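Working notes, structure below.
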Amino acid sequence: MAALLFIAALMVASCTSSEAAQPKASFEDNFSIMWSEDHFKTSEDGQIWYLSLDKETGCGFQTKQKYRFGWFSMKLKLVGGDSAGVVTAYYMCTENGAGPTRDELDFEFLGNRTGEPYLIQTNIYKNGTGNREMRHMLWFDPTEEYHTYSILWNNQQIVFFVDKVPVRVHKNNGEPNNFFPNEKPMYLFSSIWNADDWATRGGLEKTDWKKAPFVSSYKDFSVEACQWEDPYPECVSTTTKNWWDQYAAWHLSDEQKMDYAWVQRNLVIYDYCKDTERFPALPVECSLSPWD
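When you line the sequence shown up against mature numbering (1 follows the signal peptide of the UniProt record, and there is no 0), it's residues -20 to -1, 1 to 272, in that order.
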């Protein structure tokens, strides 16, 4: 037994030193600045990235690679204090710009007046059609510490996670449809910008530029995904060689279902699938169960 414990300790020490010896990826390894490079900064070690917004402009970045299906994750700390009118967007999209036929998966963090909670808005586009908004409260203050925001994307479902808690599930029905983006590869983006015409209380609360610059920060980008390569990428069709494209990732686990149920009971502010005034005939995908 003593010998086995000694061997196990050696293995742990070996793995730890191996992990510690691996350099972390820098911003330049994964991303390019989309606009306003002078509003982008990094920490001295290059591992924390800062985007700032002032009255002149905001800032944004995107991955150098595009992907089709996978797991995409980043830690964010949002603008603190009075952030009314400010939106930090963290999203996947088929192109740089709001093209008329784009596919898109959105996290949008809607700022607020001091002391009021942030709201998360998520949305999904296929071929340029969105209008699939959901809004959630958070169970923590996203301005005090870094929290992890992730997207799982395969041909069966899209799941938005906050600290590994599923907050939104968007299912596919396995048939040709106009609601589940699964054909086009996407880049991952983030940006900070002024949206005081709609973001806070429907545009009633305006950005207080005396509080500028507004800064969101990022670290620990992680991607496990099928990298798109023209003209014949490996991800043309579903494969099961990766964990994010295997049966277990096609459905919520029992533990995830419990977390998701708690979110549905306590944190949902708006769900387009329950807005019968806006949609007298609910969209087709609203009939698909997230529990299956």
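The beta carbon of each residue, even a glycine, is placed where N, CA and C say it ideally should be. Note that the structure is predicted; figures quoted are calculated from it, not measured.
Would you identify the three-state DSSP class for residue i, choosing helix, strand or coil?
i	result
Gln244	helix
Phe169	strand
Gln136	coil
Phe7	helix
Asp234	helix
Lys254	helix
Glu155	coil
Lys44	coil
Arg115	strand
Arg181	helix
Ala69	strand
Ser16	coil
Ala(-19)	Any reading at Ala(-19) needs caution, since the residue's pLDDT is 46, under 50, leaving its predicted position unreliable; the model's value is listed next. Here Ala(-19) sits in helix by DSSP.
Trp51	strand
Trp223	helix
Ala1	The predicted position of Ala1 is uncertain, since its pLDDT is 35 and thus under 50; a value taken from the coordinates is nonetheless stated next. Note: Ala1 maps to helix in three-state DSSP.
Lys106	strand
Trp271	coil
Trp189	helix
Asp239	helix
Val59	coil
Ala228	helix
residue 273	Residue numbering for the chain in the displayed model covers -20 to 272; residue 273 lies beyond these limits and cannot be assessed.
Can you name, in chain order, every residue of its own chain whose Cβ lies under 7 Å from the Cβ of residue i, other than the five neighbours on each side?
i	result
Pro3	Confidence at Pro3 is low in this model, with a pLDDT of 41, below 50, so its placement is unreliable and the value that follows should be read with caution. Nothing listed; no residue qualifies.
Arg82	Cys73, Thr74, Glu75, Tyr105, Gly108
Asp239	Val145, Pro146
Asn158	Lys106, Asn107, Thr109
Ser202	Ser53
Met117	Pro97, Leu99, Leu247, Ile249
Asp251	Met114
Ordered along the chain, which non-local residues of its own chain (more than five positions away) have a Cβ less than 8 Å from that of residue i?
i	result
Glu185	Ala64, Gly65, Asn92, Arg93, Asp176
Phe169	Met14, Gly40, Phe41, Gln42, Thr43, Ala69, Tyr70, Tyr71, Met72, Cys73, Asn76
Val243	His116, Val145, Pro146, Val147
Thr256	Leu262
Rounded to a whole number of angstroms, what is the C-alpha to C-alpha distance between residue i and residue j?
i	j	result
Cys206	Lys190	44 Å
Pro213	Ala78	25 Å
Lys254	Gly38	34 Å
residue 290	Phe87	With the chain represented from -20 up to 272, any question about residue 290 goes unanswered, as that position is not in the structure.
Pro146	Val139	6 Å
Phe11	Val67	20 Å
Phe89	Trp173	11 Å
Ile28	Thr123	15 Å
Gly154	Thr128	30 Å
Arg48	Glu163	8 Å
Asp121	Gly60	9 Å
Arg112	Pro270	15 Å
Ala1	Asp25	Legend: pLDDT at Ala1 = 35, less than 50; position of this residue unreliable, no value from coordinates given.
residue 295	Trp119	Any question about residue 295 goes unanswered here, given that the chain covers just -20 to 272.
Ala261	Pro156	20 Å
Leu232	Asn222	17 Å
Pro161	Glu17	31 Å
Asp234	Asn134	19 Å
Thr180	Lys237	31 Å
Gly95	Asp9	37 Å
Tyr167	Arg245	33 Å
With the cut-off set at 7 Å, would you say residue i and residue j are in Cβ contact?
i	j	result
Phe41	Thr22	no
Pro211	Asp34	no
Pro165	Lys46	yes
Leu268	Lys151	yes
Trp224	Gln136	no
Glu204	Trp15	no
Val264	Tyr30	no
Asp188	Asp62	yes
Taking 6 Å as the limit between beta carbons, can you name the residues of its chain near residue i, skipping five residues before and five after?
i	result
Arg258	none
Thr220	Gln226
Tyr126	Lys55, Lys57
residue 329	Here the chain comprises residues numbered -20 to 272, so residue 329 is not present and cannot be evaluated.
Arg148	Thr102, Met114, Phe140
Ser130	Ser53, Phe141
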